[in-house]
Structures are given as structure tokens and as C-alpha cells.
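Residue numbers (UniProt numbering), protein chains in the order written: chain P, 1 to 244; chain H, 1 to 244.
For every residue, glycine included, the Cβ atom is placed at its ideal position computed from N, Cα and C.
Take a look at the structure set out below.
There are 2 protein chains.
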Amino acid sequence: MVRERPGTGGATARVPTRDVVLAAVRLFTDHGFEATTMDDVAAAGGVSRRSLFRRFGTKEDILFAEHDELFAEVSRHLETAPGTPLDAVFSAARLVLDGYLRDPEVTVPRYRLVRVHPRLRDREVAMTARYQSAFSRYLAARGGGGAPEERSLAAGAAAAALIAAHNHVLRGWLRDPGQEPARVWERYDAAMAFVRRAVGPMLHADGEAPARERVVVAVYPADLGRDELVRRLAAAVDEAGPRG
Amino acid sequence: MVRERPGTGGATARVPTRDVVLAAVRLFTDHGFEATTMDDVAAAGGVSRRSLFRRFGTKEDILFAEHDELFAEVSRHLETAPGTPLDAVFSAARLVLDGYLRDPEVTVPRYRLVRVHPRLRDREVAMTARYQSAFSRYLAARGGGGAPEERSLAAGAAAAALIAAHNHVLRGWLRDPGQEPARVWERYDAAMAFVRRAVGPMLHADGEAPARERVVVAVYPADLGRDELVRRLAAAVDEAGPRG
DNA sequence: CCCTCGTGTGGCATTTAGTGTCAGAGTAGA
DNA sequence: TCTACTCTGACACTAAATGCCACACGAGGG
């Protein structure tokens with residue numbers, strides 16, 4: 001690396017995080033994660049080695065920087081989410097999948113790197129655990145009745161099942177990122193419905209009426225097309241007036 | 001460190017793994033994980049720095065060496081366990097807890113270190129993920145009927161819930177290792193019974209009643225957003241299987 | 001008994017991740 | 001314009017991790 005003006009300490013022009021991440025992803029993919037030094041990344045990203053460490057901490061953190069932002073976003077969402085605690089957690093998980101789908105340029109090559117390098121895999125798993133822990137604590141704090149002991153146990157198991165289902169669908173997409181997002185969301189909704197069935201009973205160990213509820217009962221011909229059916233249900237919901 | 005005979009490369013006397021681990025745990029606990037260098041560990045363990053790296057790979061691996069052995073033991077157990085796949089996984093998980101309880105000299109101080117150092121925490125989480133992955137694959141491969149897609153989803157969620165419950169009880173003991181093992185096992189059995197109730201139905205997603213008409217019944221919080229409600233209804237429709 | 005071969009170990013050199021420190025450059029505000 | 005604050009780059013340094021070579025020991029054959 002050739003420095004034009006030794007002794008020139010620039011300022012103001014902040015480290016372009018996104019550019020650095022993309023450059024790093026490219027280098028890691030092309031030459032391998034281990035073989036790529038921080039000097040290489042710094043040169044490719046147009047910043048100094050020192051600034052690189054200041055911004056990202058470690059070499060692995062470069063890959064997961066945007067994931068950290070996503071986690072922060074999800075955490076914020078949890079604080080202000082409407083509905084029951086379970087609803088909040090489900091919609092938060094949806095946000096995570098959306099975060100992945102929105103940024104395939106980083107998430108897809110990262111997944112391929114993660115599959116190869118145990119160290120990176122551990123890092124990825126740790127991220128997953130962070131979500132799980134956050135969801136678990138959220139549910140335990142606001143969850144239904146029952147003894148505190150059983151409540152936190154149920155919250156932990158529910159969060160774990162939810163995250164597992166989420167990751168199941170997510171990995172399906174990461175392995176084949178070419179498929180239609182609509183189909184991914186379809187599978188995701190099905191997986192979430194599955195988890196909801198299993199998790200629901202866990203959190204209502206005893207009779208605890210969770211606020212006000214409404215009921216939709218729809219009877220329809222067995223051969224009605226899926227899209228048409230969904231459309232009718234949506235119309236019925238809208239006719240029923242505002243919720244709350 | 002004073003070397004008596006420079007140039008003396010010993011042999012034969014294999015590195016006493018257990019002694020080194022205990023010495024390392026002590027050093028990490030007394031002076032901190034970061035502050036303890038591999039030279040320190042080597043000196044305390046009575047081996048050379050080079051041999052230390054050969055045996056354990058990294059500094060963190062020293063702490064988790066025995067955990068790796070436990071994982072190998074559990075894996076072997078899975079291969080030869082009697083009973084249903086679910087039974088096998090439950091007994092395997094029991095083996096894990098027993099492994100912790102049997103070796104408090106290492107597992108307890110390690111837990112305290114893990115709580116403080118994010119890096120070690122990630123490593124611990126990765127171990128948990130390895131169990132979860134092994135259990136999930138085991139269940140998916142030998143699990144009950146249903147479509148392969150749903151089967152692996154159910155296996156993943158079940159394994160996750162099981163591991164979460166296991167870790168819930170395990171952490172309870174690690175935080176207060178003085179309590180009676182009998183009481184720990186009591187709590188563990190209760191937690192496992194809880195998980196079994198929730199997980200059992202997940203793995204037996206069978207009977208689909210063929211009817212001319214089908215009914216959707218949705219119960220939802222009154223303040224749930226319109227989009228989320230519609231999404232759930234659509235998911236419920238998809239989940240109900242093909243129409244016609 | 002000696003020699004040889006294989007295996008495990010120690011010492012040394014080297015690379016590189018990661019940190020502390022200081023100097024310079026730019027920006028905002030008085 | 002001068003000053004205070006912030007961000008960046010350069011340099012030095014620690015320590016983890018790896019490659020390489022030399023040496024010690026045990027086993028086996030002559």
C-alpha cells in the first residue's frame with residue numbers, strides 16, 4: 001500500500017461502513033477469510049487499518065456489523081409493539097427475516113462463509129442466541145400467569161421454538177436465494193402458524209384471559225382457490241370495522 | 001520462566017490434559033481470562049507453550065476441552081439409544097446435565113467466566129447449538145410421518161425447546177451450585193415433562209379430515225393490526241392444507 | 001547391544017489480530 | 001479568526017497462533 005502523504009491524518013470523511021463491509025465480503029469470498037488480512041480490507045475499503053479496528057472491533061465484526069444494526073432495530077420494535085407479548089415477538093421475528101431478505105448482497109455471501117469457517121459459524125449462532133435471549137426475556141417479563149419459575153421456562157422454550165422455525169425457513173432461502181420472496185414468506189407464515197399452535201398452550205398454562213379477543217368464523221366451499229379465500233377473509237376483516 | 005536445560009526437547013510424557021485445564025481455570029479465575037497469557041498457563045501446567053497450542057488449539061478451547069468430550073459421549077449415546085427417537089433425545093439431554101453436575105470443578109468456574117466475557121459466552125452458546133443441531137438432525141431423520149419439510153421443521157422446533165428447557169435448569173444450578181443434586185434433578189424432570197407435553201403433538205401432525213367444507217376459526221387480540229390479522233388468516237388457510 | 005524409525009515435545013522465528021498513544025485535519029461555534 | 005471538539009492516520013507494542021527444526025524417548029529389528 002502506497003501512502004501519498006505520510007503524516008496526513010484526514011478527518012471528517014467518516015469511514016463509509018457499507019463500502020467497507022462490501023469490500024470485505026468480496027475479499028473474504030475471493031481469497032478466504034483467514035487469508036485476508038486487515039491490511040487488505042483497509043486498502044480495499046479506502047481506510048486505515050486503525051480506523052478499521054476502531055469501527056468494527058474485530059475482523060469477524062465486519063461481517064456482522066449490519067446484523068448488529070438489525071438486532072438494535074428489532075429490540076426497538078419490541079419495546080413499542082402492539083398486541084399480546086406473543087404477537088410482539090412474532091412480528092419482531094418477521095422483522096429479522098425481512099432484514100435478511102432485504103440485504104442479500106451481504107447476508108448470502110456471509111452465509112456461505114459461515115458454513116465453511118467454524119469461527120464465523122459460532123459468531124452467527126451467537127447472534128441467533130441474542131435474539132432468542134431477548135425474546136425469552138420479553139416473554140418472561142410480560143407473559144401470562146403461572147408461577148414465575150414455570151413462566152420463564154415456558155418463555156424460554158417458546159422463544160427457542162420460534163427462533164428455530166424462523167431459522168429453518170431462513171436457511172432454506174440462504175441456500176437458494178434465487179427463489180421468489182413471496183414463496184419464502186409463504187413458507188415462513190406456515191412455519192409461524194405451526195409454532196403458534198405448539199407454543200400457544202405453553203404460555204397459557206392455566207386460564208388467564210389475555211385481554212379482549214374477537215373471533216372470525218368463516219365457512220367456505222372446500223374447492224375455493226387459496227387467493228380468493230384470503231381475499232374474502234381480508235374483506236370480512238375490513239367490514240368488521242376497526243379493532244381495539 | 002527459567003528453563004533448566006535449554007535445547008531439551010522432552011518426549012513421551014504426554015501433556016496431562018486434566019491438570020492443564022484445572023491450572024488454566026484457576027489462572028483465568030484469579031487473574032482474568034484476558035490477562036492470563038498462554039505462557040502463564042504453560043508454566044502453571046508444566047508444559048511448553050507450543051505443546052499447549054498443539055493440544056488445545058486456542059486459549060478458549062482449553063476451557064471447553066472437556067465439553068468436547070462430553071459432546072462426543074452424547075453423540076455416541078444417540079446412536080445406540082433404545083426407545084423412540086424422542087426418548088433417545090431426552091435421555092441424551094439428561095446425559096449432558098449429568099456431565100455438568102459431575103464436573104463442577106470445571107463447569108462452575110467456567111460458567112462464571114462465560115458470564116463475564118462475551119467471547120467465551122459465544123463459545124458456550126456454540127456448544128449448545130451443536131447439541132441442538134445434533135438432536136434436530138436425529139429427530140428429523142427418524143421422526144414420525146408427515147411431509148419432509150414439516151417434519152424437519154417440527155424436529156428443529158422440538159430440539160430447540162428441549163435444549164432451552166435443559167439450559168434453563170442447568171443455569172439454575174450453575175448460578176447456585178451448592179444446592180442438592182436431587183432437587184436439580186427434580187426440577188429437570190418437571191421441565192422435561194413440560195417440554196414433552198408441548199413437543200409431543202408437534203411431532204405427530206397426522207390426521208387430516210377430508211370434509212366438503214372447512215371452517216376457519218381465528219381468535220385474535222382486539223387491537224391487532226389489520227395487516228397482521230390478514231396475514232395470519234392467510235397462514236391459517238395455507239396451513240390447513242390443499243383445498244378441494 | 002546398537003541402530004533406526006515413529007511419535008510427541010520444546011525452542012525459535014514469524015505472521016497478524018488487536019490496543020494504546022499521539023499528532024494532524026477538518027468542522028462547528030464564539 | 002481563534003478555539004474546542006471529533007475523527008482519522010501513523011507508529012509502537014503485546015500476545016495469540018502457526019511453521020519449522022531439533023531433540024528425547026520407546027519400540028522393533030539386526
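Residue i lies in the alpha helix (DSSP H); which residues open and close that run?
i	result
residue 45 (chain P)	38 to 45
residue 90 (chain P)	85 to 102
residue 148 (chain H)	148 to 175
residue 31 (chain P)	17 to 31
residue 186 (chain H)	181 to 203
Could you give the DSSP three-state label for residue i: helix, strand or coil?
i	result
residue 61 (chain P)	helix
residue 48 (chain H)	coil
residue 82 (chain P)	coil
residue 267 (chain P)	In this structure chain P extends from 1 to 244, so residue 267 (chain P) is not present and cannot be described.
residue 211 (chain H)	Only weak support is given to the placement of residue 211 (chain H): the predicted model assigns it a pLDDT of 35, under 50, and the question is left unresolved by the model.
residue 141 (chain H)	helix
residue 105 (chain P)	helix
residue 132 (chain H)	helix
residue 34 (chain H)	coil
residue 244 (chain P)	A caution first: residue 244 (chain P) carries a pLDDT of 36, below 50, which makes its placement in the model unreliable, though a value can still be read off. Three-state DSSP puts residue 244 (chain P) in coil, outside helix and strand.
residue 8 (chain H)	Note on residue 8 (chain H): pLDDT 43, under 50, position unreliable in the model; no value is reported.
Taking C-beta pairs closer than 7 Å, name the residues in chain H that residue i reaches, listed in chain order.
i	result
residue 202 (chain P)	198
residue 153 (chain P)	165, 168, 191 and 194
residue 88 (chain P)	Result: empty, since nearest Cβ-Cβ is about 11 Å, beyond 7 Å.
Under 9 Å between the Cβ atoms of residue i and residue j?
i	j	result
residue 56 (chain H)	residue 154 (chain P)	no
residue 174 (chain P)	residue 100 (chain P)	yes
residue 132 (chain P)	residue 88 (chain P)	no
residue 126 (chain H)	residue 134 (chain P)	no
residue 168 (chain P)	residue 156 (chain H)	yes
residue 86 (chain P)	residue 199 (chain P)	yes
residue 42 (chain H)	residue 26 (chain H)	no
residue 20 (chain P)	residue 52 (chain P)	yes
residue 107 (chain H)	residue 129 (chain P)	no
residue 24 (chain H)	residue 37 (chain H)	no
residue 90 (chain H)	residue 192 (chain H)	yes
residue 248 (chain H)	residue 82 (chain H)	Here chain H covers residues 1 to 244 and nothing more, so residue 248 (chain H) does not appear.
Output, in chain order, the set of chain H residues within a Cβ distance shorter than 8 Å of residue i.
i	result
residue 126 (chain P)	121, 122, 125 and 126
Closest to residue i by C-alpha separation, out of the options, would be which residue?
i	options	result
residue 150 (chain P)	H:172, H:146 and H:138	H:172
residue 166 (chain P)	P:92, P:112 and P:106	P:92
residue 71 (chain P)	P:112, P:32, P:60 and P:94	P:94
residue 111 (chain P)	P:141, P:60, P:152 and P:17	P:60
Looking at residue i and the ligand HEM, is the gap between the Cβ and the nearest heavy atom below 8 Å?
i	result
residue 64 (chain P)	In terms of ligand content, the structure shown is empty, and the ligand HEM therefore cannot be addressed.
List the residues of chain H whose Cβ lies closer than 9 Å to the Cβ of residue i, in chain order.
i	result
residue 156 (chain P)	161, 164, 165, 167 and 168
Which residues of chain P have a Cβ atom closer than 7 Å to the Cβ of residue i, listed in chain order?
i	result
residue 129 (chain H)	125
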